[in-house]
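Novice: The sequence shown: position 21 = 376 (the numbering used here), numbered continuously. In this text, a Cβ means the ideal position worked out from N, Cα and C, and glycines have one as well.
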Amino acid sequence: MTQAKPLHYEEGNIKRLNKEISTALFIGGVKGLVFGLGSFFAVSMAYPSFRRSRLPVKAFWFVCWIGAGAVFDADKQVVVYSTKYKIEKERRDQMILEQAADNGEYIDSL
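1) Distance, Cα to Cα, Gly424 vs Glu375?
2) Can we count Cys419 as close to the ligand SAM, meaning its CB is less than 7 angstroms from some heavy atom?
3) Kindly indicate which three-state DSSP category Asp463 falls into: helix, strand or coil?
4) In three-state DSSP terms, what is Glu443?
5) Going by other Cβ atoms of all chains shown within 10 Å of its Cβ, with 16 needed for buried, is Gln432 buried or exposed?
6) Mapping the DSSP letters down to three states, classify Arg406 as helix, strand or coil.
7) Rounding to the nearest angstrom, what Cα-Cα distance links Asn458 and Glu445 in this structure?
8) Please list, in chain order, all residues of the same chain as Val398 whose beta carbon is under 7 angstroms from its beta carbon, the five residues on each side excluded.
9) Leaving out five residues before and five after Gly391 in sequence, what residues of the same chain have Cβ atoms less than 6 angstroms from its Cβ?
10) When DSSP labels each residue in this structure, what does Glu365 get in the three-state scheme?
11) Going by the CB atoms, is the gap between Leu372 and Tyr436 shorter than 8 angstroms?
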């Protein structure tokens with residue numbers, strides 16, 4: 356016997372959220388790369404010891420900035436998505452209540 360899944364577990368909602376997160380991760384990664392390049396050149400000019408550092412240190416620098424940008428944008432997009440989802444759910448609930456009132460039915464809560 357299968358149990359009814361919550362509304363936010365619907366396949367359409369999950370696909371839409373995955374698409375928005377993937378897009379935000381890519382855009383955030385690009386923003387992080389741009390910021391990483393600018394800060395890399397600024398720090399290289401200011402600190403000669405950083406300029407002489409080895410490849411793993413420089414790779415770590417870029418990975419950190421790309422990852423930070425991607426996570427920041429993805430988190431921001433999840434907040435935007437949850438706000439949109441909440442508004443859609445409230446509209447849907449209001450519509451159900453209005454239809455029930457028009458039909459003369461009583462709905463305690465949704």
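Specialist: The relevant details are as follows:
1) 15 angstroms
2) Only the bare structure without any ligand can be found here, which leaves the ligand SAM out of the picture.
3) coil
4) helix
5) buried
6) helix
7) 20 angstroms
8) Phe405
9) Phe417 and Trp420
10) coil
11) yes
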